[in-house]
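K.L.:
Every letter in the sequence shown is one number past the one before it in the working numbering, and letter 37, counting from 1, is 40. Here it is, the structure, as structure tokens.
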Amino acid sequence: MVYYNLIISEQSSFNMKDQLLTVIGGGASGLIAAGCAVMQYRQNFSRGNNIKVQILEKMHKPGLKLGITGKGRCNLSNTAPLDDFIEHFRPNPKFLYPAFNNFFSGELIEFLNQQKVKVKVERGGRIFPQSDSALQVARTLIDWNRKLGVDINTGNAVQSVKWEKNNLYPFKIMVKQKKSIYLSSAVIISTGGITYPLTGSSGDGYKWAQQLGHRLINPLPDLVGLYIDPQLNWDFQGSVSLKNVMITLSLEKDIQHREFGEAQLSKNLFEGPVVLKLSRFAVQALQRKQQVYLYLDLKPALSEKQLDRRLIKEFNQQGSKSAVKILKCLIPLKLVDSCLSQTGVPKHLKGGQLTSIHRKKICQWIKYNRFKVKTCQTPDRAIITAGGVHTDDINPKTMMSKIIPGLFFSGEIIDYAADTGGFNLQAAFSTGWLAGKSSIEYLNSI
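In structure tokens:
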């Protein structure tokens, strides 16, 4: 039999009459939640109940995922107005309005400026630290919490969270490594999703939420590359960058979604911004055992007839040149040999020798190249998680559970997901801020 020690707080200044808020997970959302909670307490409730705040983090230090996010540059947020900003979220964007109304991009920038972190705006309204350092942002949030007196306990992998009604410390948080049970007055679960498990985001919080009676939308990798059936006669090595292309997602031969922009193609993998946007629909369809196809249009600005006229013009004007030399002016050089070999057009033919049949095959290859999706990359390669705790079980005005009083959720554990561009990290900060603020208001009310 394993015996566990009961611990309320490891802070030497803790009094048995104090209330305790425990934030589980020291990532972006957990760090902002804990710090905001202390600020809210000091500014509004310090004359009332005595409240302490602690973070339980499973890894050897907090903020590991935050320190590598955005390829190490940390896309903090986006300058898009709120109504445009929220359109980038699924499946229930309106759920996030209260969180964004409490703490949005302007408040985030002001907060970071107060912490001596300057920001800049890049293409698409994406907000980054001027230092281009995600590590700077992570260290800043950690230092901010420590200055506020938050007790950050690392190496504390929580095994379970239990709740008992009518108790000063209704929450029991079991930590296996220390053979301890932490008691707490309120809890914020900020454990993230299933992506980047080496940084601590391994989906632990989903299990606790379910055990406490919450519904769970199956967590799946999102913003992730898609593996495709290797194409015959792909005559290029490595990968090829595609710009200004249209990719269409088709499920069981029905067109579902289209995206325009940039992508990256290798012999068995599709990546890049366009594919990432489409990936959530592909992953969900694959889970349903549906056939998923991607159609690549290298010239979306031209109809098939317009492209054919362009080919006629090029072949006539450059009739003495090889088909290879002519096509490299129309499509990426790395794809020219693949185009000719897959359409059966001999490489040695000159432009003036190409027939209408040749042109039709080339047009269709450029406009309608089809790829069958086999699967997606593993969660450790995905940027975010889709799915999580059902938003119907969370009060959007407070981030508190509708089932368990005193239990709050913030960040990626909640069922929301957004496009790339700074939207997801802002949601982590915003829900964390609201959860931290609301948890102190709750504790002061009981």
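Heads up, the beta-carbon is just placed ideally off N, CA and C, and yes, glycines get one too. Quick caveat: nothing in here was measured; it's all calculated off a predicted structure.
Which residues in the same chain as Gly355 place their Cβ atom closer than 6 Å to its Cβ, once the five residues preceding and following it in sequence are excluded?
P.N.:
So the qualifying residues of the chain are Gly322.
K.L.:
For Asp207, tell me which candidate among Ser433, Gln267, His63 and Ile416 has the shortest Cα-Cα distance.
P.N.:
Cα-wise, what sits closest to Asp207 is Ile416.
K.L.:
Here's the rule I'm using: 16 or more other beta-carbon atoms within 10 Å means buried, otherwise exposed. How should His217 be labelled?
P.N.:
Buried: at least 16 other Cβ atoms inside 10 Å.
K.L.:
Would you identify the three-state DSSP class for Val248, choosing helix, strand or coil?
P.N.:
Val248: strand per DSSP, three-state reduction.
K.L.:
Using DSSP with H/G/I as helix, E/B as strand and the rest coil, what is Phe106?
P.N.:
Of the three classes helix, strand and coil, the one that applies to Phe106 here is coil, per DSSP.
K.L.:
Over what stretch of residues does the alpha helix (DSSP H) that includes Cys39 continue unbroken?
P.N.:
Unbroken alpha helix (DSSP H) run through Cys39: Ala31 to Gln43.
K.L.:
Can you tell me which of the three DSSP states Ile406 falls into?
P.N.:
Reduced to three states, the DSSP call for Ile406 is coil.
K.L.:
How would you call His63, buried or exposed, if buried means at least 16 neighbouring beta carbons within 10 angstroms?
P.N.:
Result: exposed.
K.L.:
Near Gln133, which residues of its chain fall below 6 Å by C-beta distance, leaving aside the five closest residues on each side in sequence?
P.N.:
Excluding sequence neighbours, Gln133 sits near Lys121 and Lys123.
K.L.:
May I have a chain-ordered list of the beta strand (DSSP E) segments no shorter than 3 residues that lie completely inside the region 41–73?
P.N.:
Qualifying beta strand (DSSP E) stretches, in chain order: 54–59.
K.L.:
Just verifying my parser: in three-state terms, what is the DSSP assignment at Gly390?
P.N.:
Strand, per DSSP.
K.L.:
Which class does Arg76 belong to by DSSP, given the choice of helix, strand or coil?
P.N.:
Of the three classes helix, strand and coil, the one that applies to Arg76 here is coil, per DSSP.
K.L.:
Using 8 Å for Cβ pairs, my map puts Pro303 next to Thr423. What's the rounded Cβ distance?
P.N.:
With 8 Å as the limit, Pro303 and Thr423 do not qualify as a contact, their Cβ atoms being about 20 Å apart.
K.L.:
Take the Cβ of Pro349 as the centre, count every other Cβ of all protein chains shown within 10 Å, and call the residue buried at 16 or more, exposed below.
P.N.:
Per the 10 Å Cβ criterion, exposed.
K.L.:
Can you have a look at Asn221 and say buried or exposed, based on whether 16 or more other CB atoms are within 10 angstroms of its CB?
P.N.:
Asn221 comes out exposed.
K.L.:
CB Ala137 to CB Gly75, shorter than 7 Å?
P.N.:
For Ala137 and Gly75, yes; Cβs fall inside 7 Å.
K.L.:
Beta-carbon within less than 6 Å of Phe40's beta-carbon, same chain only, minus the 5 sequence neighbours each way: which residues are those?
P.N.:
Correcting the residue type first, residue 40 is Ala in the shown sequence and not Phe. Same-chain partners within the cutoff: Leu24, Val56, Gly439, Ser442 and Ile443.
K.L.:
Return the bridge partner residues of Asn81 from the DSSP annotation.
P.N.:
Partner(s): Arg129.
K.L.:
Determine the direct distance from the alpha carbon of Tyr296 to that of Asn372, and round the result to whole angstroms.
P.N.:
Each residue's alpha carbon lies about 10 Å from the other.
K.L.:
Between Ser341 and Met249, what straight-line distance do the alpha-carbon atoms span, to the nearest angstrom?
P.N.:
Cα to Cα, the separation comes out at about 19 Å.
K.L.:
Among Thr394, Arg142 and Phe411, which has the Cα closest to the Cα of Pro96?
P.N.:
Of the listed residues, the one whose Cα sits closest to Pro96 is Thr394.
K.L.:
Helix, strand or coil, according to DSSP, for Phe263 in the structure here?
P.N.:
Strand, per DSSP.
K.L.:
Measuring only the C-alpha atoms, how far is Asp418 from Phe412?
P.N.:
One C-alpha to the other measures close to 11 Å.
K.L.:
Run through DSSP, which three-state label would Tyr100 get?
P.N.:
Here Tyr100 sits in helix by DSSP.
K.L.:
Just the Cα atoms here: how many angstroms apart are Ile155 and Glu60?
P.N.:
Their backbone Cα atoms lie some 7 Å apart in a straight line.
K.L.:
Quick check on this structure: which residue in Glu255, Ser282 and Leu67 has the alpha carbon closest to the alpha carbon of Gly158?
P.N.:
Comparing Cα positions, the closest option is Leu67.
K.L.:
Under 8 Å, with one C-beta from each stretch per pair, do the region 263–271 and the region 318–332 reach the 3-pair mark?
P.N.:
At 8 Å Cβ cutoff, the stretches do not touch.
K.L.:
If you pair each beta-carbon of the region 25–36 with each one of the region 430–437, do three or more pairs fall below 8 Å?
P.N.:
In short, these stretches touch, since the Cβ pair count reaches three.
K.L.:
What did DSSP end up calling Thr157 once you bin it into helix, strand or coil?
P.N.:
Looking at Thr157 - three-state DSSP - the assignment turns out to be coil, as it is neither helix nor strand.
K.L.:
Using a Cβ-Cβ cutoff of less than 6 Å, which residues in the same chain neighbour Tyr100 once the five nearest sequence positions on both sides are dropped?
P.N.:
Cβ within range, chain order: n/a, list empty.
K.L.:
Could you give the C-beta distance for Thr378 and Leu281, rounded to a whole number, given that I count them as a contact under 8 Å?
P.N.:
The Cβ separation is near 14 Å, so there is no contact.
K.L.:
Skipping 5 residues on each side, what residues in its chain have a beta carbon closer than 7 Å to that of Gly390?
P.N.:
Around Gly390: Ile220, Asn221, Pro222, Leu223 and Asp418.
K.L.:
What three-state label does DSSP hand Pro276 in the structure shown?
P.N.:
Note: Pro276 maps to helix in three-state DSSP.
K.L.:
So for Asn372, helix, strand or coil by DSSP?
P.N.:
Strand.
K.L.:
Can you look up Cys332 in the DSSP assignment and give me helix, strand or coil?
P.N.:
DSSP places Cys332 in coil when its eight states are reduced to three.
K.L.:
Name the residue from Lys165, Ile71 and Thr143 whose alpha carbon lies nearest to the alpha carbon of Ile406.
P.N.:
It is Lys165.
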